[in-house]
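Quick notes on the structure that follows.
Protein chains: 2
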Amino acid sequence: MARPRVKIRTVAEAAGVSVTTVSLVLNEVAGARVSAETRQRIHEVARRLGYVPNEVARQLRAQRTKTLGLLGDEVTTTPFAGRMVLGAQEAASKHGWLLMLLNSGLDPELERKEISALIRGRVDGVLYTTMYHRVVRVPEQLRTVPTVLLDAEDDTAELPSVVPDEQDGAYLATKELLDHGHRRVGFINHSGDIPATWGRLAGFQRGLREAGVPFDPGLVVSVPPVAREGYAATLQMLGSERRPTALFCFNDRVAMGAYQAAAALGLRIPADVSIVGFDDQEEISEGLLPGLTTVALPHYAMGAWAVDALIARITDPQVPVERVLLPCPIVRRESVGPPPAL
Amino acid sequence: MARPRVKIRTVAEAAGVSVTTVSLVLNEVAGARVSAETRQRIHEVARRLGYVPNEVARQLRAQRTKTLGLLGDEVTTTPFAGRMVLGAQEAASKHGWLLMLLNSGLDPELERKEISALIRGRVDGVLYTTMYHRVVRVPEQLRTVPTVLLDAEDDTAELPSVVPDEQDGAYLATKELLDHGHRRVGFINHSGDIPATWGRLAGFQRGLREAGVPFDPGLVVSVPPVAREGYAATLQMLGSERRPTALFCFNDRVAMGAYQAAAALGLRIPADVSIVGFDDQEEISEGLLPGLTTVALPHYAMGAWAVDALIARITDPQVPVERVLLPCPIVRRESVGPPPAL
DNA sequence: TGTGTCTGATAAAACGGTTTGTCAACGAAG
DNA sequence: CTTCGTTGACAAACCGTTTTATCAGACACA
Chain A
1 MARPRVKIRT VAEAAGVSVT TVSLVLNEVA GARVSAETRQ RIHEVARRLG YVPNEVARQL
61 RAQRTKTLGL LGDEVTTTPF AGRMVLGAQE AASKHGWLLM LLNSGLDPEL ERKEISALIR
121 GRVDGVLYTT MYHRVVRVPE QLRTVPTVLL DAEDDTAELP SVVPDEQDGA YLATKELLDH
181 GHRRVGFINH SGDIPATWGR LAGFQRGLRE AGVPFDPGLV VSVPPVAREG YAATLQMLGS
241 ERRPTALFCF NDRVAMGAYQ AAAALGLRIP ADVSIVGFDD QEEISEGLLP GLTTVALPHY
301 AMGAWAVDAL IARITDPQVP VERVLLPCPI VRRESVGPPP AL
Chain B
343 MARPRVKIRT VAEAAGVSVT TVSLVLNEVA GARVSAETRQ RIHEVARRLG YVPNEVARQL
403 RAQRTKTLGL LGDEVTTTPF AGRMVLGAQE AASKHGWLLM LLNSGLDPEL ERKEISALIR
463 GRVDGVLYTT MYHRVVRVPE QLRTVPTVLL DAEDDTAELP SVVPDEQDGA YLATKELLDH
523 GHRRVGFINH SGDIPATWGR LAGFQRGLRE AGVPFDPGLV VSVPPVAREG YAATLQMLGS
583 ERRPTALFCF NDRVAMGAYQ AAAALGLRIP ADVSIVGFDD QEEISEGLLP GLTTVALPHY
643 AMGAWAVDAL IARITDPQVP VERVLLPCPI VRRESVGPPP AL
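Put into structure tokens, the structure is as follows:
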């Protein structure tokens, strides 16, 4: 079992050539002068011996690890993270790079230690990620290493970043309802002060404006974005005098509450009330019956974009810093229909 | 900006000593004979210069990377994965190790390439993960590197592994219902042929047996474990002549369907029917109203166990291979009550 | 016969650390 | 006055690659 690993030296000796030659041949170095026979012999020997170059030695020599650090606050905990990480991972893999997981949790002290550990030459760049779209101040240590922000924005606006186009997503959601003929649509917004709150409200208003529907502040409520609150808010909204015929919910969890409130009130979806959510958390949007029409967060695409941008900056520090908004596509299921006839 | 990185040599020269001495001092090598003054001087200089050792060089010399590969099929995609990865990550970090992400996706070709890439000395061991509890055959390449299975079992039973104790979890769920007085409890099982299917059925039966309730095959149906199917199955079960007073659902998604079916039938939870789920997917279990009593999969603990076991095996290959079942704790919310009075 | 110019290959120098073995100086013991 | 152990420190080897500079021989040309 524990036989000594075959290294380049082993191959060289077995093939009766120098290590240099083996390296040249195996790496297909352009301009290397090695006879055809020798080349073939080396290839054969290497395959027979099952030679695999030691990546660490290469890294040391090349002063490059082809590894990216994925640093975030609990990034892997959130249900969203999956697709973001996957997008990043697959993009990295496509370039032949690897992803290192650094989870700082919420402990800033740990975060600093993590960063030091990874800066010790193990990664060539860092993806700084948050579990939901936020504006952050990145730790000082990151200034020394190429960094791009993923699902987050730099408060100094100096670093490349990618976030969802909240406003456009909300606009699409609103338009979806308006296009079905709704004129009284309620909006259950997030009560927290984050980019999604402002962005989605702006998108909602833009949709209204474009359709010539006056904005009625009485049709907007703000609550913590969880099902229970969505339930209560919906009860209130749909129980009111001139109830909205459609609801745009800040996210799918709120929509989940809305569904249950509608059921409690004996209202059918979408016959009596139409609902659209946000996030496209599939457990919810597919689990709700009828299926929830919602707006998807472009997690996969953001992960991929961030990696591409980071690798580009690593290979060429001159590339300009971009701060992009990625579109949030609407995904239609069965929760939207025409408003009920009066 | 782009000033040359300070290496150990820099420190040595600045302190007027040899690299050896710097290394000895900074690593606090036991038994190294260096005078107190020299030690202090070295520490000062190192701090002043902001010296951080190059980890790659260390790895090469030590022939150890202190890095673990997390290899899985879409592992990061599943909503569960988060806590598993987090458990692994935090355990690794506790030992001073790092986690490398290798996502093979479903492409076995890619899987092979990934494995080769990581085997090139970049990781000391591999966590082989699946997105749900499965029995797998691990790829040949992994035989050469320390490996432990996470949420999966090796078909040859030769590798250490950690999986949830499905049977015990189902037993707890069943007992929870029985303890509340239910005697007719229905079980909506998974129709697929996986360990969870068998295990949870066995646990269900054990619960019944222990309580002296005869097992009625008519109260068990098997469906694909999604909300829509849970909805249909529940409609059927609760619409039947002698309907069960409680339902044990294979997972929370099925329970989500069951909730909606109950609502459609005008049955209240838990007054008219009690429900317990499995998995504790919080979006669902907390989003359902009333909150869903369910059984939690020990993802965090499994991730942590796997890392501990893997590091143990790496440091000492003699440690025996363990194959453990981790308990699935019940988490009580509001979906279970006494059966309705007749 | 010298002088270039290819060709095929190699020795040696990195890369940045850790570890082993050696050594000079010094005080204590015989 | 040796001998010996201890102290403080360092030179050099090593980890496994890639890359640079060099070299011997063959051949062409003047």
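Chains as they are written, first to last, in our numbering: chain A, 1 to 342; chain B, 343 to 684.
Ideal Cβ placement from N, Cα and C applies to all residues, glycine included.
Simplified DSSP state of residue i, which is helix, strand or coil
i, result
"Val75(A)", "Caution applies to Val75(A), whose pLDDT of 49 falls short of 50 and renders its modelled position unreliable; the value that the coordinates give is listed next. Three-state DSSP puts Val75(A) in coil, outside helix and strand."
"Glu432(B)", "helix"
"Tyr393(B)", "coil"
"Glu176(A)", "helix"
"Pro217(A)", "helix"
"Ile275(A)", "strand"
"Arg403(B)", "helix"
"Gly534(B)", "coil"
"His385(B)", "helix"
"Ser377(B)", "coil"
"Ile611(B)", "coil"
"Ala157(A)", "coil"
"Thr539(B)", "helix"
"Asp650(B)", "helix"
"Phe590(B)", "strand"
"Gly463(B)", "coil"
"Asp151(A)", "strand"
Proximity test, Cβ basis, 8 Å: residue i and chain B
i, result
"Thr130(A)", "no"
"Tyr51(A)", "no"
"Asn27(A)", "no"
"Lys7(A)", "no"
"Gly82(A)", "yes"
"Leu343(A)", "Lying outside 1 to 342, the shown extent of chain A, residue 343(A) is not represented and no answer is given."
"Ala15(A)", "no"
"Ser18(A)", "no"
"Met256(A)", "yes"
"Gln260(A)", "yes"
Candidates the options, of which the one nearest residue i by Cα
i, options, result
"Pro502(B)", "Arg389(B), Lys408(B), Val490(B) and Met579(B)", "Val490(B)"
"Gly82(A)", "Arg253(A), Pro139(A), Tyr300(A) and Lys175(A)", "Tyr300(A)"
"Arg464(B)", "Thr67(A), Leu172(A) and Tyr128(A)", "Thr67(A)"
"Gln547(B)", "Asp535(B), Gly534(B), Ser533(B) and Phe529(B)", "Phe529(B)"
"Ala512(B)", "Glu676(B), Ile672(B) and Pro680(B)", "Ile672(B)"
"Arg58(A)", "Ile8(A), Arg47(A) and Val45(A)", "Ile8(A)"
"Gly287(A)", "Pro640(B), Val615(B), Tyr601(B) and Asp415(B)", "Tyr601(B)"
"Arg333(A)", "Gly212(A), Thr294(A) and Ala304(A)", "Thr294(A)"
"Leu440(B)", "Leu86(A), Ser93(A), Ile115(A) and Gly87(A)", "Ile115(A)"
"His95(A)", "Cys328(A), Arg61(A) and Ile314(A)", "Ile314(A)"
"Arg462(B)", "Gln483(B), Arg375(B), Val555(B) and Ile384(B)", "Gln483(B)"
"Val163(A)", "Ser222(A), Arg209(A), Leu150(A) and Pro53(A)", "Leu150(A)"
"Gly358(B)", "Ala374(B), Gln382(B) and Arg375(B)", "Gln382(B)"
"Glu230(A)", "Ala262(A), His182(A), Arg5(A) and Ala91(A)", "This sequence places Gly at residue 230(A); Glu is not what is there. Looking at the Cα atoms, Ala262(A) is the closest of the given residues."
8 Å Cβ cutoff met for residue i and residue j
i, j, result
"Leu631(B)", "Ala227(A)", "yes"
"Cys249(A)", "Phe215(A)", "no"
"Ala30(A)", "Val19(A)", "no"
"Ala306(A)", "Glu322(A)", "no"
"Val618(B)", "Leu519(B)", "yes"
"Val273(A)", "Leu219(A)", "no"
"Pro244(A)", "Gly337(A)", "no"
"Thr471(B)", "Leu412(B)", "yes"
"Asp658(B)", "Ile626(B)", "no"
"Val693(B)", "Ala494(B)", "Absent from the model: residue 693(B). The displayed extent of chain B is 343 to 684, so no value can be given."
"Pro139(A)", "Ala246(A)", "no"
"Val376(B)", "Leu366(B)", "yes"
Test: residue i CB closer than 8 Å to a CB of chain A
i, result
"Arg375(B)", "no"
"Asn593(B)", "no"
"Gln401(B)", "yes"
"Gln483(B)", "no"
"Tyr513(B)", "no"
"Gly549(B)", "no"
"Ala494(B)", "no"
Closer than 7 Å: residue i CB and nearest the ligand MG heavy atom
i, result
"Pro559(B)", "This structure lacks the ligand MG, and indeed carries no ligand of any kind."
Select from the segment 325-338 of chain A all residues with a C-beta closer than 8 Å to any C-beta belonging to chain B, and list them in chain order. none
Residues of the segment 619-652 of chain B in Cβ contact with chain A at a cutoff of 8 Å, in chain order, please. Gln623, Glu625, Ile626, Glu628, Gly629, Leu630 and Leu631
Relative to chain A, which residues along the segment 429-442 of chain B have a C-beta separation below 9 Å, given in chain order? Ala430, Gln431, Glu432, Ala434, Ser435, Gly438, Leu440, Leu441 and Met442
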